[in-house]
Amino acid sequence: MSLSNALIIKQGRVIDPANELDAVKDIYIKNGHIIAIDDHISADKAGDAQQIDASGLIVIPGVIDLCARMREPGLEHKATIKSETIAASKAGITTLCCPPDTDPVIDESAVVDLINQRVKDAAHSHIVCLGALTSGLKGEHLSEMAALKNAGCVGVSNASMPITNTLVLRRALEYASSHDLTVFLQPNDPHLSDHGCAHDGAVATRLGLPGIPSAAESTIIARDLELIAEIGARVHFGRLSSARSIRLIEQAQQQGLQVTADVAVHQLFLTEMDLSSYNSHCHVLPPLRELRDRDTLRQAIADGFIQAICSDHQPHEEDAKLHPFPATEPGISGLETLLPLTLKLVTEGVLSWSQAIASLTSAPARILGIDKGHLSTGAVADLAIIDPDKDWTLETANINSLAKNTPFLGWNFEHQVKHTIISGRLIK
Amino acid sequence: MVNKNARATNPLLGQDHWNIQLDKNGRLKHFLTIEGLGSDILNEILDTAENFTSVNKRVVKKVPLLRGKTITNLFFEASTRTRTTFELAAKRLSADVLNINISTSAATKGESLLDTLYNLQAMQTDMFVIRHQDSGAAHFAARHVAPYISVLNAGDGRHAHPTQAMLDMLTIRQKKGHDFSALRVAIVGDILHSRVARSQIHALNTLNTGEIRVVAPRTLLPADIEKLGVKVHYSLQQGIQDADVVIMLRLQKERMQGAMLPSELEYYQQYGLSRETLKYAKPDAIVMHPGPINRGVEIESSVADGPQSVILDQVSNGIAVRMAVMSMTLGTSAQQTGEDK
Amino acid sequence: MTKIISPDTLIQQLSDKLSATLSQKNISNPVMVGIHTGGVWVAERLHKNLGLEEPLGTLNISFYRDDFSRIGVHPQVTPSTLPTEVDGRHIILVDDVLQTGRTIRAAMNELFDYGRPASITLVCLVERGGHELPIRADIVGQQLSLQDDEQIKLTGPVPLALEIKQVNVQ
Numbered sequence: 001m002s003l004s005n006a007l008i009i010k011q012g013r014v015i016d017p018a019n020e021l022d023a024v025k026d027i028y029i030k031n032g033h034i035i036a037i038d039d040h041i042s043a044d045k046a047g048d049a050q051q052i053d054a055s056g057l058i059v060i061p062g063v064i065d066l067c068a069r070m071r072e073p074g075l076e077h078k079a080t081i082k083s084e085t086i087a088a089s090k091a092g093i094t095t096l097c098c099p100p101d102t103d104p105v106i107d108e109s110a111v112v113d114l115i116n117q118r119v120k121d122a123a124h125s126h127i128v129c130l131g132a133l134t135s136g137l138k139g140e141h142l143s144e145m146a147a148l149k150n151a152g153c154v155g156v157s158n159a160s161m162p163i164t165n166t167l168v169l170r171r172a173l174e175y176a177s178s179h180d181l182t183v184f185l186q187p188n189d190p191h192l193s194d195h196g197c198a199h200d201g202a203v204a205t206r207l208g209l210p211g212i213p214s215a216a217e218s219t220i221i222a223r224d225l226e227l228i229a230e231i232g233a234r235v236h237f238g239r240l241s242s243a244r245s246i247r248l249i250e251q252a253q254q255q256g257l258q259v260t261a262d263v264a265v266h267q268l269f270l271t272e273m274d275l276s277s278y279n280s281h282c283h284v285l286p287p288l289r290e291l292r293d294r295d296t297l298r299q300a301i302a303d304g305f306i307q308a309i310c311s312d313h314q315p316h317e318e319d320a321k322l323h324p325f326p327a328t329e330p331g332i333s334g335l336e337t338l339l340p341l342t343l344k345l346v347t348e349g350v351l352s353w354s355q356a357i358a359s360l361t362s363a364p365a366r367i368l369g370i371d372k373g374h375l376s377t378g379a380v381a382d383l384a385i386i387d388p389d390k391d392w393t394l395e396t397a398n399i400n401s402l403a404k405n406t407p408f409l410g411w412n413f414e415h416q417v418k419h420t421i422i423s424g425r426l427i428k
Numbered sequence: 001m002v003n004k005n006a007r008a009t010n011p012l013l014g015q016d017h018w019n020i021q022l023d024k025n026g027r028l029k030h031f032l033t034i035e036g037l038g039s040d041i042l043n044e045i046l047d048t049a050e051n052f053t054s055v056n057k058r059v060v061k062k063v064p065l066l067r068g069k070t071i072t073n074l075f076f077e078a079s080t081r082t083r084t085t086f087e088l089a090a091k092r093l094s095a096d097v098l099n100i101n102i103s104t105s106a107a108t109k110g111e112s113l114l115d116t117l118y119n120l121q122a123m124q125t126d127m128f129v130i131r132h133q134d135s136g137a138a139h140f141a142a143r144h145v146a147p148y149i150s151v152l153n154a155g156d157g158r159h160a161h162p163t164q165a166m167l168d169m170l171t172i173r174q175k176k177g178h179d180f181s182a183l184r185v186a187i188v189g190d191i192l193h194s195r196v197a198r199s200q201i202h203a204l205n206t207l208n209t210g211e212i213r214v215v216a217p218r219t220l221l222p223a224d225i226e227k228l229g230v231k232v233h234y235s236l237q238q239g240i241q242d243a244d245v246v247i248m249l250r251l252q253k254e255r256m257q258g259a260m261l262p263s264e265l266e267y268y269q270q271y272g273l274s275r276e277t278l279k280y281a282k283p284d285a286i287v288m289h290p291g292p293i294n295r296g297v298e299i300e301s302s303v304a305d306g307p308q309s310v311i312l313d314q315v316s317n318g319i320a321v322r323m324a325v326m327s328m329t330l331g332t333s334a335q336q337t338g339e340d341k
Numbered sequence: 001m002t003k004i005i006s007p008d009t010l011i012q013q014l015s016d017k018l019s020a021t022l023s024q025k026n027i028s029n030p031v032m033v034g035i036h037t038g039g040v041w042v043a044e045r046l047h048k049n050l051g052l053e054e055p056l057g058t059l060n061i062s063f064y065r066d067d068f069s070r071i072g073v074h075p076q077v078t079p080s081t082l083p084t085e086v087d088g089r090h091i092i093l094v095d096d097v098l099q100t101g102r103t104i105r106a107a108m109n110e111l112f113d114y115g116r117p118a119s120i121t122l123v124c125l126v127e128r129g130g131h132e133l134p135i136r137a138d139i140v141g142q143q144l145s146l147q148d149d150e151q152i153k154l155t156g157p158v159p160l161a162l163e164i165k166q167v168n169v170q
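Residue numbers (the working numbering), protein chains in the order written: chain E, 1 to 428; chain Y, 1 to 341; chain C, 1 to 170.
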């Protein structure tokens with residue numbers, strides 16, 4: 001820990017897409033904020049600031065993860081706010097956005113207060129919450145959205161629970177937009193999904209796994225977009241998986257609807273083929289789809305139709321995955337692979353550095369409506385410093401999350417987070 | 001021991017999926033799925049089973065091959081018939097048999113499959129015969145049991161029922177000869193939910209069958225089924241036209257729910273095998289059914305009991321095939337040396 | 001090196017000895033059973049020489065081997081066939097080489113699973129050393145005393161030949 005409350009990051013390559021900056025700079029941080037960014041900041045100006053030599057390293061705004069579950073309150077045997085924010089902070093993630101499907105559900109301000117208290121006591125990174133769109137996420141009654149907003153929720157969402165009653169959805173969108181709240185939707189038609197656990201295609205047929213067709217996602221997007229076009233609500237579609245969904249989002253954006261989208265980073269690397277040995281770590285919802293879906297998702301980020309990449313972090317205890325595939329709980333412990341996997345897309349030539357960093361910083365900040373994700377003078381000093389030339393392998397031992405459920409064990413990465421700075425504090 | 005004779009080569013699956021079935025010498029260690037096994041192993045199963053059929057015709061229908069071995073039938077789905085044939089097969093090989101029906105025991109108390117396996121493993125079992133409602137359950141078991149234990153898949157979800165497929169292949173071979181390339185086989189009915197159909201398709205492909213057809217309305221066909229190496233027909237008459245083998249699948253009554261089918265009557269009219277519709281197949285075509293039969297739903301009684309039906313041959317072959325697979329998998333630790341004279 | 005007599009000569013001698021034994025024991029209509037594969041070749045010839053009425057039976061003892069846990073099971077194209085009931089019948093059991101006695105034990109176990117024979121007479125083309133069980137042939141073509149690293153094998157079916165090979169003893 002630094003003795004002074006000042007830091008100076010020397011001669012790192014600063015990539016800050018929000019300010020269209022990609023240059024070698026010094027960054028001076030004091031009292032939790034960025035004081036100055038310049039080509040050279042002289043020693044006398046920096047005073048007794050702790051120096052970090054970032055030459056050869058890359059300095060980016062701290063990563064903002066649009067969807068990460070802490071499991072607290074409700075499922076603390078899987079993970080806690082403390083354990084997961086520690087893991088996040090070591091992985092370059094400085095802000096986490098939690099969906100409202102905790103237990104109790106975040107559908108009244110008292111739950112927000114409870115979580116805020118826990119965050120204050122235990123969190124090692126920033127956390128923002130989404131409030132429930134409907135009471136108990138049941139899709140029947142509107143939640144007290146205004147109260148939730150006042151308590152600090154940055155948006156409203158029904159998490160992964162469907163709203164099958166279109167009238168309820170219409171009213172929820174109308175009410176949310178009355179209070180200037182962004183609605184976060186994860187599109188899924190539960191009738192079409194029908195308790196499936198794999199993409200409805202050749203691999204599911206071969207393995208005998210109940211299938212979830214792409215249309216389970218895209219038909220709901222099509223329905224929702226019709227409502228959005230009529231109402232004018234601001235909606236973010238999260239965790240998209242299929243190429244057909246992307247086409248719909250693309251058209252909506254071209255028509256000028258206020259629609260954004262994100263994708264879970266594992267969807268950019270894995271496909272249905274990865275299920276072939278009944279690897280329960282590849283059991284995710286929405287399911288891993290075909291190669292052409294993966295390629296379309298990748299291209300959509302490069303083209304700007306998908307703005308953000310998130311971890312869709314879903315920590316599980318070991319037992320949750322120790323069943324036959326369909327009986328396992330879906331989800332990946334993804335905090336620690338979010339940044340390294342996204343930067344792999346740079347190595348693979350899919351994204352530019354600026355696109356990759358934007359999808360993890362400025363874009364999610366804009367979607368959440370929070371003043372973060374950039375390195376402007378005066379901004380809260382949330383940063384990550386990356387070694388762009390450091391080979392490492394993901395192993396259980398170097399996962400900081402309480403949960404080790406990831407299909408990426410054994411994968412090699414070439415970018416490693418060297419330091420994370422949260423509100424001016426050097427974490428790592 | 002790769003699937004060198006399988007026509008439908010398999011780019012969709014990693015090696016791990018089927019390699020787990022073979023020991024380091026390429027011999028059968030577990031029997032989980034037909035997929036990934038070469039025609040050499042399938043023929044070995046059929047030849048060994050053929051040999052066991054003679055045992056089943058004797059006065060004393062028992063050989064001492066697996067004396068001292070313990071075989072545990074672990075059934076998470078009720079199935080008297082399949083369990084009985086596995087039990088009889090084990091007993092005819094002189095193994096001790098433990099029958100455990102979990103639908104009425106631990107699972108309802110929340111014990112996981114893994115805990116159940118570990119508990120039974122502690123009782124020194126040599127083989128698990130597993131039937132489970134979840135696809136992949138047998139693979140899961142094979143991956144987690146102690147290395148000396150063999151796992152036989154007696155049906156997992158919609159995935160595989162390999163011994164059923166092999167007894168069907170044995171029946172076809174007995175009736176139609178060893179050359180499958182000359183055969184046209186039609187599988188009719190609920191392919192979507194059928195583990196039997198999937199295993200049959202893999203086995204028929206590996207044995208180089210001339211033409212494999214599946215016949216069903218689209219509501220009962222899984223996505224991309226053609227990629228398994230079959231031709232799809234929606235009409236029964238076209239689907240069984242000039243077929244040498246017609247395999248009828250059981251239609252679960254639950255399929256009338258969930259808008260899979262309009263009614264039993266309409267299904268029977270469109271896809272039920274009657275004496276009239278059977279005329280579209282070759283005159284010497286054989287009719288098969290994995291049982292239990294729904295008379296008047298998928299097949300007319302006069303066909304099921306008629307001269308072209310080999311349904312009872314299938315049942316008796318079932319015991320021989322299971323004896324073959326049990327003795328092969330429990331013999332894999334053996335070396336190929338030192339036969340005593 | 002022991003001189004090996006040709007199988008055809010041995011079989012002729014066996015036929016004579018067997019005829020004598022049968023008439024001495026007053027057995028008129030025995031059931032001859034050969035053990036796969038060499039024993040069947042020998043039995044086919046004996047069966048013809050003696051002009052037996054009952055068709056020849058064959059035994060494939062692979063399901064009765066006591067070394068299953070070491071060698072596993074082999075798919076055999078020719079299963080056991082016993083064309084007649086064995087209950088109360090006089091059986092002539094024929095094998096090519098008798099060494100440890102384990103094959104004969106397995107064969108007798110299998111025979112008893114078919115029924116209860118009145119008697120079993122064991123006929124072997126060659127008896128070599130190496131008994132491990134109290135089993136001896138009633139009628140033997142040739143007694144050989146071979147080293148542990150020597151293996152004697154009958155090849156056939158036409159022509160029959162006996163050959164001795166050096167093997168690696170493990």
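Ideal placement from N, C-alpha and C gives every residue a C-beta, glycine not left out.
Interface flag, residue i vs chain C, CB-CB below 8 Å
i      : result
S263/Y : no
P147/Y : no
K62/Y  : yes
Chain Y contact for residue i (CB, 8 Å cutoff)
i      : result
T205/E : yes
G196/E : no
Residue-chain proximity (residue i, chain E), Cβ-Cβ < 8 Å
i      : result
K253/Y : no
I225/Y : yes
P222/Y : yes
F180/Y : no
Reduced DSSP secondary structure (H/G/I, E/B, other) of residue i
i      : result
D190/Y : coil
L42/Y  : helix
H419/E : strand
V42/C  : helix
W353/E : helix
L125/C : strand
D168/Y : helix
Contact under 8 Å by Cβ, residue i with residue j
i      : j      : result
G32/E  : V63/E  : no
V417/E : L339/E : yes
I52/E  : Y28/E  : no
N317/Y : L170/Y : yes
P17/E  : S354/E : yes
R158/Y : S181/Y : no
I171/C : A106/C : A question about residue 171/C goes unanswered here, because the residues of chain C that appear run from 1 up to 170.
V119/E : C153/E : no
I212/Y : V185/Y : yes
Interfacial residues, the stretch 322-348 of chain E to chain Y, with Cβ spacing under 7 Å: L322, H323, P324, F325, P326 and A327
Residues in the stretch 27-57 of chain C having any Cβ partner in chain Y nearer than 8 Å: none
contact_flag[the stretch 199-219 of chain E, the stretch 274-282 of chain Y] where n(CB pairs < 8 Å) is 3 or more: no
Chain Y contacts made by the stretch 208-231 of chain E, where a contact means CB separation under 8 Å: G208, L209, P210, G211 and P213
Within 9 Å of chain C by C-beta, residues of the stretch 149-173 of chain Y in sequence order: none
Residues in the stretch 108-126 of chain C having any Cβ partner in chain Y nearer than 9 Å: Correct list: N109, E110, F112, D113, Y114 and G115.
Positions along the stretch 270-282 of chain E whose CB lies within less than 7 Å of some CB in chain Y: M273, S276, S277 and Y278
At least three beta-carbon pairs within less than 8 Å, the stretch 61-74 of chain Y to the stretch 94-101 of chain Y: Touching, yes, given that three or more Cβ pairs across the two stretches are closer than 8 Å.
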